[in-house]
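Numbering follows UniProt numbering, with no gaps: position 71 of the sequence shown is 71.
By construction, the Cβ of each residue, glycine as well, lies at the ideal position given by its N, Cα and C atoms.
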Amino acid sequence: MTQKLQAGSYNLLVILGPTASGKTRLAVELAQLTGGEIISADSRQVYRGMDIGTGKDLHEYGSVPYHLIDVLPPGSEFNLYEFQRLFLTCYEEITGRGKLPILAGGSGMYLDCVLRGYRLAEVPENAALRAESANLSREALTERLRQANPKLHNTTDLLDRDRLIRAIEIAEHEGETEPWPDIVPLVVGIRWDRSVLRGRITARLKDRLENGMVEEAARLHAEGVPWEKMEFYGLEYRYLARHLKGELNRNDMFQKLNSAIHDFAKKQENWFRKMESRGTEILWIDGEMLT
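Now the structure itself:
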């Protein structure tokens, strides 16, 4: 990896891996080595006040500049188009300063939309669709979305009516995409033995619970984020909300959340394999080398 870093034939360094794999730490070390700046590719770390539940680990950054963290208030919407728009702004600003952008995260869709070099078009609201949807059941809307997007993988959009309608608008939009900048990436992935990664995930979850993650979720709700909204802010807030509502005791919440995060890590690894099958070259390193 050191030889490739020194080759300097790339203008974007990407650090990816499943949850709890050590992406932030490696990104910070490489930023210090190259004088780079980190861009977060995480769909939840954009929210202010959602720190422990999203695993921001801000203490690890030290003096390294970072971007797309704490840029939105909790409770607001964030999507793939907004990420891509903000990423391009950060990328152009960082390269304009003569620095190396380092994209780090585990959100497969966010990484993919950068690495495959397609630019999403802004999708306006469809007034006709919104009028028509008022008379359609959620099941009918779900079927329409599946027909518009047979490869649908983000089933979170199926749980909320407003998000479901917005997903249909995006899936049925036929606008033209805009040109994409000439990005030449070097993609580094962190890979752990499955049993070791499971241990890291469980240990990390215990640490976060011991250091205020439940209290953070309670504070967010007290500040105006509805329980229903927390369903869309990741597994941690979903199960924390159910615990705080009295639906799960603390032990059951921990066990179910721990199992769900393990399953999520498997899905991330599957996504990375799909990225490779579509032509993304990933330089894999053993996580044990980073300890």
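Between the beta-carbon of residue 50 and that of residue 220 there is about 7 Å, and that keeps the pair under the 8 Å contact cut.
In the DSSP annotation of this structure, the continuous segment of the beta strand (DSSP E) that includes residue 105 starts and ends at 101-105.
Sorting 97, 115 and 47 by C-alpha distance to the C-alpha of residue 103 places 115 at the top. Here the alpha carbon of residue 92 sits roughly 45 Å from the alpha carbon of residue 250. Non-local beta-carbon contacts of residue 11 in its own chain, meaning distances under 7 Å to residues more than five positions away in sequence, involve 95, 183 and 184 in chain order.
Straight through space, the alpha carbons of residue 132 and residue 291 are spaced by roughly 56 Å. Annotated as distal: residue 16 and residue 46, with beta-carbon spacing of 9 Å or more.
Per DSSP, residue 196 lies in no beta strand (DSSP E); the unbroken alpha helix (DSSP H) holding it starts and ends at 194-210.
Rounded to the nearest angstrom, the Cβ distance from residue 48 to residue 73 is 6 Å, consistent with a contact under 8 Å. Pairing residue 239 with residue 267 gives a Cβ-Cβ distance that is not under 9 Å. In this structure, DSSP gives residue 263 a helical state, which the three-state scheme calls helix.
Spanning the alpha carbons of residue 208 and residue 36 requires a straight line of approximately 29 Å. Relative to the Cα of residue 213, the nearest Cα in the group 28, 9 and 57 belongs to 57. For residue 70, the three-state secondary structure derived from DSSP is coil. At the C-beta level, residue 19 and residue 232 stay beyond 9 Å of one another. If you compare the alpha carbons of 29, 289 and 126 with that of residue 162, the shortest gap goes to 126. When the alpha-carbon of residue 258 is set against those of 139, 173 and 202, the nearest one is in 202.
The residues 168, 171 and 172, in chain order, have a CB closer than 8 Å to that of residue 148 in the same chain once the five nearest residues on each side in sequence are set aside. Assignment of residue 277 by DSSP, reduced to helix, strand and coil, places it in the helix class. Residues of the same chain with a CB within less than 7 Å of the CB of residue 112, apart from the 5 flanking positions on each side, are 275 in chain order.
For residue 227, the enclosing alpha helix (DSSP H) begins and ends at 227-230.
Residue range 108-115 is occupied by the alpha helix (DSSP H) that includes residue 108.
In the assembly as shown, residue 118 is an exposed residue. Its beta-carbon has fewer than 16 other beta-carbons within 10 Å. One thing to note: residue 61 has its Cβ no nearer than 9 Å to the Cβ of residue 123.
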